[in-house]
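Q: Okay, here's the structure, questions in a sec.
Residue numbers (the UniProt record's numbering), protein chains in the order written: chain A, 1 to 209; chain B, 1 to 209; chain C, 1 to 209.
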């Protein structure tokens, strides 16, 4: 198993947990858990593989990914009632999944020899799209857009870090680990300590609509 | 015309009817009818074809599909006011389209030699994605997620039935017909008699959010 | 630079401006501006390229598109507070982007030798999908569906115009310019003078739901 596959497996498992937890908030049945968990788990990587025109989408070439997502869904179906606070569990698991999915996207784009713009976009999209589909389909406010938190910014900083490490000292695995670490630290810091970038604030115009 | 093409034609026509009916609830003009009907009609099969990397998306290789969807849209534009209850017509037509689209997805995945996990996912996605796009774009509550009804579960059971028949006695056409029958019966039984799977119910935790 | 590339560049820039303005209404930070602007800018063309199975998605083959979208996002981030009325600026810029993106879709489909149904669908999808993704992700009411305005109809008329010119007198550039002109005039006329098609109105049934 290569490092890139390992990242895909891990992000599929963690994203599937968040998908199943959102399904539990929407009071779906077991098949609904399986579907939303799978959609969340493979959504970002699927967009990546379609856009990069890889010979096959990763979870179609290898059935284990769907099997892992289904295990995660069943696990959550029978244990979610033990959680004190599902919203907070979703946020933290999603942060973990983001920190694994961004390097998964960056790594694939790098290995195909793409330029920096595409590498950064693939990192952000692989990280963000699974959760975005989950939230749009289940009618939650997308985490991606929650105000005053670092989310896309954490993914962006992680992807840029990977590029910088790659150009400087580093072999690919070091770059991907640095990417994961920076993404997770920024996202976690944002949730714990309220770190954020300045958001757009308009000066009050005379006739605002 | 092969059986697989026939299933595609039929599901395109019925899904287009549901799309046009949803467009009539959103008070769109004729071109809006054409667009939403086409989107609903080809949405699921398009996702299937992109994911399975077929040489061409089915409705781009063959212009008749779009023509059929447009005929359905025009038909609904001029006759929908005769319906007593459009919501109910949409539900029943959607059930019929689901029962045709699931075997269309299963059949294509089987004919390309994919494993059981991919076959089941393709059945569910081909069945569910057209209606899901229709409902997300038109701001209806997605039928897929309506609580206490079998929808994804019906698609899932149909796809599994097809696999079982294929492994046991059966030639492909029998498997696909069995798939359609199981899907439709479960969906219809759910609408008529309230059949459902147990949904996730959390034990009330001490500090629920 | 070919005419088709020029249309892609221009529609990317204008759509990115609209995406960044919508991001400003959602109070996102700078990275959020970059992401929504890029999503809006390349969304329609990406769907077009995936469906038509082009060898590479346009913005992955050529990194300048993302760079242009990012410039537009930064520009809006620092100047949007000067606008008196952002909603109106979005509507007009979106009209301009639509009038450029529809011929961009039509031109690519024509150059690949597709039939009239596919050409018209590609024009409408390239024009409409970027703005649709922007509005769905940011929770705005989709412009595509705003009642009593020509939007899809303008795109449709533009695409049909291109086909008629192409079949009649014309070389491809003339057809694409005519397409842009018709799309923009119909959309602008709709915003300024309330031009519209008759929308679907149901006769009041006895038992309407």
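We treat Cβ as the ideally placed atom computed from N, Cα and C, and that holds for glycine. Just so we're clear, the structure is a prediction, and the values are computed from it rather than from any experiment.
Would you kindly check if the distance between the Cβ of residue 43(C) and the Cβ of residue 133(C) is under 8 Å?
A: Yes. Within cutoff.
Q: Across which residues does DSSP place residue 29(C) in a beta bridge pair?
A: Its beta-bridge partners are 199(A).
Q: According to DSSP, simplified to helix, strand and coil, what is residue 112(A)?
A: Correct three-state label for residue 112(A): coil.
Q: Under a three-way DSSP split, which group does residue 230(A) fall into?
A: Here chain A covers residues 1 to 209 and nothing more, so residue 230(A) does not appear.
Q: In angstroms, rounded to a whole number, what distance separates the CA positions of residue 89(C) and residue 83(C)?
A: Answer to the nearest angstrom: the Cα atoms are 8 Å apart.
Q: Can you tell me where the alpha helix (DSSP H) with residue 173(C) in it begins and where it stops?
A: That run of the alpha helix (DSSP H) goes 172-193.
Q: In chain order, what residues of the same chain lie with their CB nearer than 7 Å to the CB of residue 94(B), ignoring the 5 residues before and after it?
A: Cβ within range, chain order: 18, 131 and 143.
Q: Can you tell me whether residue 158(C) is buried or exposed? The criterion is at least 16 other CB atoms within 10 Å of its CB, across all chains shown.
A: Buried: at least 16 other Cβ atoms inside 10 Å.
Q: Under 8 Å between the Cβ atoms of residue 16(A) and residue 69(A)?
A: Closer than 8 Å, so yes.
Q: Note the first and the last residue of the continuous alpha helix (DSSP H) segment covering residue 153(A).
A: First-last of the alpha helix (DSSP H) with residue 153(A): 152-167.
Q: With a threshold of 8 Å between beta-carbons, can residue 200(A) be considered close to chain C, or not?
A: Yes, residue 200(A) lies at the interface with chain C (some Cβ there is under 8 Å from its Cβ).
Q: With DSSP as the reference, label residue 103(A) as helix, strand or coil.
A: Looking at residue 103(A) - three-state DSSP - the assignment turns out to be helix.
Q: Is there contact between the region 177-184 of chain A and the region 179-186 of chain B, where contact requires at least three CB pairs shorter than 8 Å?
A: Judged by Cβ distances under 8 Å, the region 177-184 of chain A makes no contact with the region 179-186 of chain B, as fewer than three pairs qualify.
Q: Does the Cβ of residue 169(B) have 16 or more other Cβ atoms within 10 Å, making it buried, or fewer, making it exposed?
A: Residue 169(B) is exposed by the Cβ-count criterion.
Q: Of the choices 107(A), 112(A), 87(A) and 141(A), whose alpha-carbon is the least far from that of residue 172(A)?
A: Nearest of 107(A), 112(A), 87(A) and 141(A) to residue 172(A), Cα basis: 107(A).
Q: How far does the alpha helix (DSSP H) with residue 70(C) in it reach, from first residue to last?
A: 64-79 is the extent of the alpha helix (DSSP H) around residue 70(C).
Q: Is there a Cβ from chain C that is less than 8 Å from the Cβ of residue 91(B)?
A: Closer than 8 Å: no.
Q: With a threshold of 8 Å between beta-carbons, can residue 191(B) be considered close to chain A, or not?
A: Judged by the 8 Å Cβ criterion, residue 191(B) is not in contact with chain A.
Q: Using 8 Å for Cβ pairs, my map puts residue 156(B) next to residue 191(B). What's the rounded Cβ distance?
A: Their Cβ separation, rounded to whole angstroms, is 17 Å, which puts residue 156(B) and residue 191(B) out of contact at 8 Å.
Q: Going along chain A in order, which residues have a C-beta closer than 8 Å to the C-beta of residue 27(C)?
A: Chain A residues near residue 27(C): 147, 199, 200 and 201.
Q: With distances taken between CB atoms, is the gap from residue 31(B) to residue 153(C) smaller than 8 Å?
A: Their beta carbons are under 8 Å apart, which means residue 31(B) touches residue 153(C) by this criterion.
Q: Measuring alpha carbon to alpha carbon, tell me which of 51(C), 22(C), 54(C) and 27(C) ends up nearest residue 37(C).
A: The candidate whose alpha carbon is nearest that of residue 37(C) is 22(C).
Q: In terms of alpha-carbon separation, which member of 148(C), 121(C), 161(C) and 188(C) lies closest to residue 27(B)?
A: Of 148(C), 121(C), 161(C) and 188(C), the residue nearest in Cα terms is 148(C).
Q: What's the call for residue 76(B), buried or exposed, on a 16-neighbour Cβ count within 10 Å?
A: Under this definition residue 76(B) is a buried residue.
Q: Return the residues of the region 46-79 of chain B that lie within a Cβ-Cβ distance of less than 9 Å from chain A, sorted by chain order.
A: Correct list: 50, 51, 52 and 53.
Q: Less than 8 Å between the C-beta atoms of residue 101(B) and residue 11(B), yes or no?
A: Yes, the Cβ-Cβ distance between residue 101(B) and residue 11(B) is below 8 Å.
Q: Using 8 Å as the limit for Cβ to Cβ distance, is residue 186(A) near chain B?
A: Not closer than 8 Å to any Cβ of chain B, the Cβ of residue 186(A) fails to qualify, so no.
Q: For residue 141(A), name the three-state secondary structure that DSSP assigns.
A: Coil at residue 141(A), not helix or strand.
Q: Going straight from the alpha carbon of residue 200(C) to that of residue 49(B), what length do you get?
A: So the alpha carbons of these two residues sit roughly 33 Å apart.
Q: Using beta-carbon positions only, say whether residue 117(A) and residue 67(C) come within less than 8 Å of one another.
A: Contact: yes.
Q: Quick one: does residue 179(A) have its CB under 8 Å from some CB of chain B?
A: Not closer than 8 Å to any Cβ of chain B, the Cβ of residue 179(A) fails to qualify, so no.
Q: Classify residue 83(C) as helix, strand or coil using the three-state DSSP reduction.
A: Residue 83(C) falls in the coil class under three-state DSSP.
Q: Could you tell me whether any Cβ in chain A is nearer than 8 Å to the Cβ of residue 142(B)?
A: By this cut-off, residue 142(B) is an interface position.
Q: For residue 137(C), return the contacting residues in chain A, with the cut-off set at a CB-CB distance below 9 Å.
A: The contacting residues are 132, 136, 142, 144 and 145.
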